[in-house]
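Chains as they are written, first to last, in my numbering: chain G, 133 to 511; chain X, 93 to 293.
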């Protein structure tokens, strides 16, 4: 495709516009893989586009660690901040809402409206905090399947997600192979390598060692803010890249003559501190502990230590996308999933994008990524 | 449409004759996936294409051809012995960094290996080099060197002596003339513009 055709695509695009979330509430006890249970659960979700009569045009989006159900559009006409994949989801966009009924839910264990450690336990009337059962990616997907049941959908046209959303996507293909029509997993892996676990645990330790954490029982409206913001600052670095940070900040200075020796001096410090603070105001610390632990424990390798034994149940054609500058979930981790699928004779494709924005590349608009996702879904 | 595109598909019919219904086929250096798409339609094969170029992979996606973006040698190492019925190199052996290692590994992974390439010994190549001291531009080399990929060309004769040195069995071979259409029956190393080999262990 040439550039003029590409431009034509952009100009035919519309916006999903103002959207409202909905809550799916299941009053039945929900069993976790760990053996724990909760008496009821809520999943907050948004949908874009229309479910057709045959109910076969649904696309499930799975969000990343600190993302949520708000994938596209705005919540009010005055709001300037759009959903996390707004450039990808909408009429005429790669995930075309004039064709597909797009669903995105906040994960089980999340803190944007779905049941998680921050929610009130109806049995005790207080927050679950650390009484929330141990959580896995499998639990998140199981809960999403209940939502899909509730919406009357037997089989999803496609399941799509990046990072933690990519892991949920892969989990869908092995937990509910008959319900997945196709899948796209971006910037993810079949299991964390030592480096990813190391970063997550350093973040968790920052939270846990904050006196404000109080063994998970910090009061409503309070947070172990120092620990949580440091965890976020560090994690945020892992989502970027050396080249990306150099281009954005370099050694630019915010205050040339900082009063205090260790006050903000460089732009990059200012940026990260702001990211840390903003995170404390929107994301629950216990939730962060639960979700990062679920990611660390996620492992698609079977009892004999191979991916092949787990992936043999996959039936849907799939696309995995790695990003060259992603050092959190490097291309190799994406590639090896496809290598196993190809050993098994599955319909799987691996594509690698040369983008310098690190792990977060999948959240940035790029014509090649647009084209890849549009082409895969259109087949 | 590119006038060369028909010519690019020159070895399709020959290769298709060697492929059985339902075969597992690995196409190394698959380009836009046209050969695999053809084999999927004609022979209901399970095919996987490998290419190093993103735009080629994108074209494979559009053709519904499973494709792997990456290094041919590294992917081959991921497969067990005889896991494909056929491994195909269609004008890609000359582009490999380490052709000996990769051809050897392709014969481990594939029960058969198909290699198609421009015969560097073709008389027009010889003639233009003798006459002008340059590779020249002709029907088998339609572009000047600076517009082509870094390629390590070889002749049909050189390829056969390589196969014999490595004990690769040549099960079948087809030579095409400079038009890449009519079969070449005599003096292939001199008169063939294109050669296609079917190898076995």
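The beta carbon of each residue, even a glycine, is placed where N, CA and C say it ideally should be.
Computed from a predicted structure; not experimentally measured.
When DSSP states are grouped into helix, strand and coil, residue 452 of chain G belongs to the strand group. Rounded to whole angstroms, residue 425 of chain G and residue 332 of chain G show a C-alpha spacing of 8 Å. By the neighbour-count criterion, in which 16 or more other beta carbons inside 10 Å mark a residue as buried, residue 238 of chain X falls on the exposed side. The beta carbon of residue 181 of chain X does not come within 9 Å of any beta carbon belonging to chain G, so the residue lies off that interface. Taken atom to atom, the span from the alpha-carbon of residue 500 of chain G to that of residue 226 of chain G is near 11 Å. In the structure shown, residue 219 of chain G falls within a coil segment according to DSSP collapsed to helix, strand and coil. The three-state secondary structure of residue 137 of chain X, taken from DSSP, is coil.
About 15 Å separates the beta carbons of residue 180 of chain G and residue 199 of chain G, which is beyond the 8 Å limit, so they are not a contact pair. Boundaries of the alpha helix (DSSP H) around residue 408 of chain G: 399 to 414. Contact annotation: residue 306 of chain G and residue 419 of chain G have beta-carbon atoms that are not nearer than 9 Å.
Taking 9 Å as the cut-off, the Cβ atoms of residue 207 of chain X and residue 137 of chain X do not count as close. Contact between residue 258 of chain X and residue 176 of chain X is absent: CB atoms are separated by about 19 Å, not below the 8 Å threshold. Here residue 169 of chain X is not near residue 140 of chain X, since their CB atoms are 9 Å or more apart.
Spatial neighbours of residue 474 of chain G in its own chain (CB-CB distance under 8 Å, excluding positions within 5 residues in sequence) are listed in chain order as 480. Taking 7 Å as the upper bound on Cβ-Cβ separation, chain G lies near residues 116, 138 of the segment 112 to 139 of chain X. Here residue 180 of chain G carries a strand assignment [DSSP, helix/strand/coil].
Look at residue 152 of chain G here: in three-state DSSP terms it is coil, with no helix or strand label. By DSSP's assignment, residue 268 of chain X forms a beta bridge with X/275, X/286. Under the three-state reduction of DSSP output, residue 506 of chain G falls in the helix class. For the set G/495, G/355, G/265, the Cα lying nearest the Cα of residue 172 of chain G is the one of G/265. When secondary structure is reduced to three states using DSSP, residue 368 of chain G falls in the helix class. Per DSSP, the unbroken alpha helix (DSSP H) holding residue 442 of chain G starts and ends at 440 to 443. Listed along chain X, the residues sitting closer than 9 Å to residue 474 of chain G by beta-carbon distance are 118, 140, 158, 160, 167, 170, 171. When secondary structure is reduced to three states using DSSP, residue 233 of chain G falls in the strand class. In the three-state scheme derived from DSSP, where H, G and I count as helix and E and B as strand, residue 469 of chain G is classed as helix.
Comparing alpha carbon positions, the residue from G/477, G/160, G/300 closest to residue 194 of chain G is G/300. Contact between residue 188 of chain X and residue 210 of chain X is ruled out by a C-beta separation of about 15 Å, above the 8 Å threshold. The C-alpha of residue 484 of chain G is placed about 12 Å away from the C-alpha of residue 148 of chain X. The count of Cβ pairs closer than 8 Å, one atom from the segment 451 to 461 of chain G and one from the segment 341 to 359 of chain G, stays below three, leaving the stretches out of contact. According to the DSSP secondary-structure assignment, residue 157 of chain X is paired through a beta bridge with no residue. Within the same chain, and ignoring the five residues on either side of residue 265 of chain X in sequence, the residues whose Cβ sits closer than 6 Å to its Cβ are 289. In the structure shown, residue 213 of chain G falls within a coil segment according to DSSP collapsed to helix, strand and coil. With respect to residue 191 of chain X, residue 244 of chain X sits close: the two C-beta atoms are nearer than 9 Å. In this chain, the beta strand (DSSP E) harbouring residue 182 of chain X covers 176 to 182. Check the Cα spacing between residue 157 of chain X and each of X/220, X/142, X/204, X/240: the tightest is with X/142. Assignment of residue 252 of chain G by DSSP, reduced to helix, strand and coil, places it in the strand class.
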